[in-house]
Amino acid sequence: MTKKNIIQSIQLRLFSRKMDKVFFGKLVSFLEGLGQATIMIAETIVCIFRGHIPIKSTVSQMVEVGWRSTPIIILASFFTGMVLALQVGSATTNLFNEPVYVGTVTGFSLVIELGPVLTAIVVAGRVGAAITAQIGTMKVTEQIDALYTLGTNPIKFLAVSRFLACFFMLPILTVIANIIGIYGGMFLTTSLWDVPSSIYWSEVLDFMTVRTFIHGFIKSFFFALIIVIVACQKGFNTKNGAEGVGRATTSSVMSSMVFILISDYFLTSLLVALKIK
Amino acid sequence: MIKVENVHKQFGAKNVLCGVDLEVRDGETLVIIGASGAGKSILLKTIVGLIKPDMGSVKIDDVDITKCSSLDLHKAQKKIGYVFQEAALFDSFNVFENVAFGLKNLTSLNEKEINQRVVQCLAMVGLEKIEHLKPSELSGGMKKRVGLARAVAYQPRYVLYDEPTAGLDPIMSDIINNLMINLRKYLQVTSIVVTHDIKSAYKIADRITMLCKGEMIFNGTPEETKHTKNEYVRQFVEGSSCGPINVDKTFGMGRI
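Line by line, the protein sequences are chains P and E.
Numbered as in the numbering used here, the first sequence ends at 277 without a single skipped number.
Numbered as in the numbering used here, the second sequence ends at 1256 without a single skipped number.
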């Protein structure tokens, strides 16, 4: 072995050790976060079952999550519905010389997939970021420590209300998104191709069953859990002042979105296997 | 009585507390001095139960809060008021709600009594008719005083102060010092004060102790502190950059 080869081999080994350290460091930090999130969920559920629910704070969080997110959800879903109808109408016009099944495809796509996912992503960006920034700021300004010293469990004080607000408001927002999206599709179909609204509605409702609605509804509950758990966990673990709050907020939104998209596949597989579709 | 025995705390590779022993007698004011990063605030947070030590015990009235149940820890915390360095007032609450927070959670007072107590505590710290203001509308000194009112509102036996005069002008610092002295005089509270402010330490302390590199290296009265031959204490008291306490005199320029 030449001297050059030996040096290269040592460098390679050092690089490989460094990579191992980085990989294991990331893995440990992920598992640590998972453990903390599990403890937080357990504490939150115990608080809820013991009736330790801060009513006033829960109502104000419900207003924040539900009412204040409604305009953006309406706007996003209306345009999504229009885009879907436009795509389906254009494609079927090319194939059959007229827009057919526009209502069916728009309704199905929205109710089982786009409605829950789109709503969850909008709420993750709006509410998830706000939750992490609020809790994170409280953490770095020692307000969380102050809660402890004043005899209050921060989980009970901060997480329970946000948990309940997200869990109940996200499915409601999803239903709103579904309805508005379908209306968006109807608006485009009737105005662009002069299709009567009765035909559009019969296309929407003919193939849709209660199970189709339940499929999307179940997903939205899971997405709500992902958003609130990730947001609270990132908030409670914020460090390093204002910079840390910014980093935690970005990480919270990104992680929520990634987990929503990944879990969507597995949830869909499970629900299809259970014939809830 | 608060008794800290052989407390160790490590963050990553850094040993912050290396076998700290401390005893605070009822009714006395103990001042802990030490350079930045010496572990003073960590020690204070360990005493109140916010940080769990790796080793050692912290006894509040003979209850070891490092090993007790969460219920006993909660009982012990009821006896302690904590004044945070940056006041740590709740942003979303106004001054009244901040001061009333501990009273609602730690006492069985009714609403009328809580109202009276809040007004009383704010008057005691020289703040009146500011109950409706939000923390963002207060000056630094006012925040500290509201923080103090919040910490003593539920009449704890022990009050822990983390840098109570940091960032304040000399007049406001003196007002805070007098408040601490009056609290001891009228409410007979036992206090532990962490500070860099030597003038303040001499004024309020019954006993001064110095923490250096995670260990207690000095313990004495203010008079003994003034005349000590301990080189670490002398350097700190005199505020000199030359001495056994290592400081980066190049402000990092040496690395460039």
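The beta-carbon is built from N, C-alpha and C at its ideal position, and this holds for glycine as well.
Everything numeric in this text was worked out from a predicted model, so none of it was measured.
Any C-beta of chain P under 8 Å from that of residue i
i: TYR1202 of chain E; result: no
i: ILE1080 of chain E; result: yes
i: HIS1008 of chain E; result: no
i: LEU1050 of chain E; result: yes
i: ASN1105 of chain E; result: yes
i: HIS1120 of chain E; result: Here the sequence assigns Gln to residue 1120 of chain E, which means His is not the residue at that position. No, because no Cβ of chain P sits closer than 8 Å to the Cβ of GLN1120 of chain E.
i: GLN1155 of chain E; result: no
i: GLY1012 of chain E; result: no
i: ALA1088 of chain E; result: yes
i: PHE1093 of chain E; result: no
i: GLY1102 of chain E; result: yes
i: PHE1096 of chain E; result: no
i: VAL1237 of chain E; result: no
Contact check, residue i vs residue j, beta carbons under 8 Å
i: TYR1082 of chain E; j: THR149 of chain P; result: yes
i: ALA280 of chain P; j: VAL102 of chain P; result: Past the boundaries of the shown model lies residue 280 of chain P; chain P is included only from 1 to 277, so the question cannot be answered.
i: ILE214 of chain P; j: ILE260 of chain P; result: no
i: VAL122 of chain P; j: ALA76 of chain P; result: yes
i: ALA1151 of chain E; j: LEU1103 of chain E; result: no
i: LYS1129 of chain E; j: ALA1087 of chain E; result: no
i: SER256 of chain P; j: GLY151 of chain P; result: no
i: ALA177 of chain P; j: ILE73 of chain P; result: yes
i: PRO116 of chain P; j: SER202 of chain P; result: no
i: GLU1159 of chain E; j: SER1191 of chain E; result: As written in the sequence, residue 1159 of chain E is Val, which differs from the Glu given in the question. Result yes, Cβ atoms of VAL1159 of chain E and SER1191 of chain E sit closer than 8 Å.
i: LYS1003 of chain E; j: LYS1059 of chain E; result: yes
i: GLU43 of chain P; j: ILE155 of chain P; result: yes
i: THR93 of chain P; j: VAL245 of chain P; result: no
i: SER69 of chain P; j: ARG126 of chain P; result: yes
i: GLY1140 of chain E; j: ILE1175 of chain E; result: no
i: LEU1211 of chain E; j: GLY1049 of chain E; result: no
i: GLN233 of chain P; j: GLN8 of chain P; result: no
Residue-chain proximity (residue i, chain E), Cβ-Cβ < 8 Å
i: ALA177 of chain P; result: no
i: GLN143 of chain P; result: yes
i: LEU150 of chain P; result: yes
i: ALA146 of chain P; result: yes
i: ILE7 of chain P; result: no
Spatially closest choice to residue i from the options, by CA coordinates
i: ARG1207 of chain E; options: E:LYS1226, E:GLY1214, E:LYS1213, E:GLU1215; result: E:LYS1226
i: GLY1039 of chain E; options: E:LEU1103, E:GLN1010, E:CYS1242; result: E:GLN1010
i: GLU1137 of chain E; options: E:LYS1112, E:LEU1122, E:VAL1095, E:ASN1105; result: E:VAL1095
i: ALA130 of chain P; options: P:VAL272, P:VAL65, P:LEU147, P:ILE6; result: P:VAL65
i: LEU1043 of chain E; options: E:LYS1112, E:ALA1123, E:GLY1102, E:GLU1163; result: E:GLU1163
i: TYR200 of chain P; options: P:ILE39, P:VAL88, P:LEU118; result: P:VAL88
i: PHE1265 of chain E; options: E:SER1108, E:GLU1131, E:MET1124; result: With chain E running from 1001 to 1256 in the structure shown, residue 1265 of chain E is simply not present.
i: LYS1134 of chain E; options: E:PHE1090, E:THR1190, E:ALA1149, E:HIS1074; result: E:PHE1090
i: MET40 of chain P; options: P:SER255, P:LEU267, P:VAL245, P:VAL228; result: P:VAL228
i: VAL175 of chain P; options: P:VAL253, P:LEU95, P:LEU110, P:LEU34; result: P:LEU110
i: LYS1213 of chain E; options: E:ASN1105, E:ALA1088, E:PRO1244, E:GLN1116; result: E:PRO1244
i: THR268 of chain P; options: P:GLU32, P:ALA242, P:THR212; result: P:THR212
i: ASP1061 of chain E; options: E:GLN1235, E:PRO1170, E:VAL1159, E:MET1001; result: E:MET1001
i: GLN134 of chain P; options: P:GLY33, P:SER252, P:SER197, P:THR70; result: P:SER252
i: ASN1105 of chain E; options: E:TYR1232, E:ALA1123, E:LEU1127, E:LYS1079; result: E:LYS1079
i: LEU205 of chain P; options: P:ILE179, P:TRP193, P:LEU188; result: P:ILE179
i: MET169 of chain P; options: P:THR58, P:LEU188, P:LYS139; result: P:THR58
i: THR209 of chain P; options: P:TRP67, P:ILE112, P:ILE53, P:ASP194; result: P:ILE112
Own chain partners of residue i with C-beta closer than 7 Å, once the 5 adjacent residues on each side are dropped
i: ASN1006 of chain E; result: GLY1019, ASP1021, MET1055, GLY1056
i: SER263 of chain P; result: PHE222, ILE226
i: ALA1100 of chain E; result: ILE1114, VAL1118
i: ILE1204 of chain E; result: THR1029, VAL1031, ASN1177, MET1180, ILE1181, VAL1193
i: ILE1256 of chain E; result: A caution first: ILE1256 of chain E carries a pLDDT of 47, below 50, which makes its placement in the model too unreliable to give a value.
i: LEU1148 of chain E; result: VAL1083, VAL1125, LEU1179
Contacts around residue i, its chain only, beta-carbon distance under 8 Å, and the 5 residues preceding and following it disregarded
i: LYS1067 of chain E; result: SER1057
i: ALA1166 of chain E; result: GLN1085, THR1195, HIS1196, ASP1197
i: PRO1053 of chain E; result: VAL1007, HIS1008, LYS1009, LEU1017, THR1046, THR1066
i: ALA1013 of chain E; result: none
i: MET1142 of chain E; result: LEU1127, ILE1130
Cutoff 6 Å; reference residue i; Cβ partners in own chain excluding five residues on either side
i: ILE55 of chain P; result: none
i: TYR1161 of chain E; result: VAL1083, VAL1193
i: ALA120 of chain P; result: PHE223, ILE260
i: GLN61 of chain P; result: SER161, ARG162, ALA165
i: PHE207 of chain P; result: THR104
i: SER29 of chain P; result: none
i: ARG1157 of chain E; result: LYS1079
Any non-hydrogen atom of the ligand FAD closer than 7 Å to residue i Cβ
i: THR1066 of chain E; result: This structure lacks the ligand FAD; in fact it carries no ligand of any kind.
Could you tell me whether the stretch 229 to 241 of chain P touches the stretch 177 to 196 of chain P, where touching means 3 or more Cβ pairs closer than 8 Å? no
Closer than 8 Å is the cut-off here; do at least three beta carbon pairs connect the stretch 100 to 117 of chain P with the stretch 73 to 92 of chain P? yes
Using 8 Å as the Cβ pair cut-off and three pairs as the minimum, do the stretch 45 to 54 of chain P and the stretch 145 to 163 of chain P touch? yes
Inter-stretch contact (C-beta, 8 Å, three-pair minimum) for the stretch 1208 to 1219 of chain E and the stretch 1021 to 1037 of chain E: yes
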